[in-house]
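Numbering (the numbering used here), first residue to last: 1259 to 1553.
Here is the structure we will look at.
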Ligand SMILES: Cc1ncc(C[n+]2csc(CCOP(=O)(O)OP(=O)(O)O)c2C)c(N)n1
């Protein structure tokens, strides 16, 4: 397959079938690395043009979302409601630029549409809206709800005897929300083993470092105590992310959480570990510098 042409990722699958039949993009490691860089460039240009948005927490999750959409998920961009699709739920809905860029590169809608981010009447609002954007599974923005939503979707699959898997991406700052832990308890209680939570553990949130706002440590032990199988990975290492997701498929009777250690603003020197770029767009000069760094 070729991922070289924007928005045409499914023109050929690894099996050589046509778009209607495709269900896994199955990209190579090199293709995914190139795609990750492309997604970072989209995040910069989209937020730069909009003059607002959340670049930091979008950039930190690029490899996580790349591994999912271009390797792990079974999905059909031309048939977004395909009932057997694996579900990806973006709980940290402010990372919408990343999800939109990924969906566009997969072919859910034209890449050109990315320039409409945050405009009135655009399908690409600042936070996700499942009623308008093809491929978006959950309307989000109010943090803390995605894990509960994902459990419902996973249980529905179990009840309907469907084999799809559900992946939900949380922010670590988001895990300061109490609802996350009620959901964590429920997932273990109901043995929801078709569910994988991935935490983008960039250690920062809106106001700075988590350890200063509300400390989550010991984070892995908390998940273990709530009955989850815990895997920790370098969240910028595609191979580790793919391996962890494969491991999770073997865990029965228990949900799995992948704690992905990441850097907020990853890939742009002046954004890395800089909470200023949590919810602030780069200006024109900063866009130029960032794109040069991501060349
Ligand atoms: C219920 C709720 N409270 C507060 C906010 C405001 N808010 C937006 S992003 C954010 C920080 C989230 O931190 P984290 O989950 O770590 O996201 P990341 O650092 O990965 O961007 C907060 C508090 C919100 N969106 N929803």
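Where is the CB? At the ideal position from N, CA and C, for every residue including glycine.
Under the DSSP definition of a beta bridge, residue 1516 partners with 1456, 1489.
In terms of CA proximity to residue 1448, 1414 leads the group 1414, 1433, 1470. The bridge partners DSSP lists for residue 1346 are 1425.
Checking the 6 Å criterion, the Cβ of residue 1458 is within range of a heavy atom belonging to ligand 1. Not one heavy atom of ligand 1 lies closer than 6 Å to the C-beta of residue 1538.
According to DSSP, residue 1467 shares a beta bridge with 1462. The shortest C-alpha to C-alpha distance from residue 1455 to any of 1512, 1553, 1538 is the one to 1512. Residue 1481: member of the alpha helix (DSSP H) spanning 1477-1483, first to last residue. Across the set 1474, 1423, 1458, the C-alpha of 1423 shows the shortest separation from the C-alpha of residue 1331. Taking a 10 Å sphere around the C-beta of residue 1469, we find fewer than 16 other C-beta atoms and assign the residue as exposed. Around the beta carbon of residue 1528, fewer than 16 other beta carbons sit within 10 angstroms, so the residue counts as exposed. It is roughly 15 Å from the alpha-carbon of residue 1310 to the alpha-carbon of residue 1386. Around the beta carbon of residue 1296, 16 or more other beta carbons lie within 10 angstroms, which makes this residue buried. Closest by C-alpha distance to residue 1429, out of 1515, 1307, 1336, 1548, is 1515.
Scanning the segment 1390-1449 for uninterrupted beta strand (DSSP E) segments of 3 residues or longer gives 1424-1429, listed from N- to C-terminal end. Its chain contains 1484 as the residues whose beta carbon lies nearer than 7 Å to that of residue 1443, once the 5 sequence neighbours on both sides are disregarded; these appear in chain order. Straight-line spacing of the CA atoms in residue 1393 and residue 1432 works out to 23 Å. Taking C-alpha positions only, residue 1526 is separated from residue 1542 by approximately 14 Å. Exclusion of the five residues before and after residue 1304 leaves 1355, 1372, 1375 as the residues of its chain whose Cβ lies within less than 6 Å of its Cβ.
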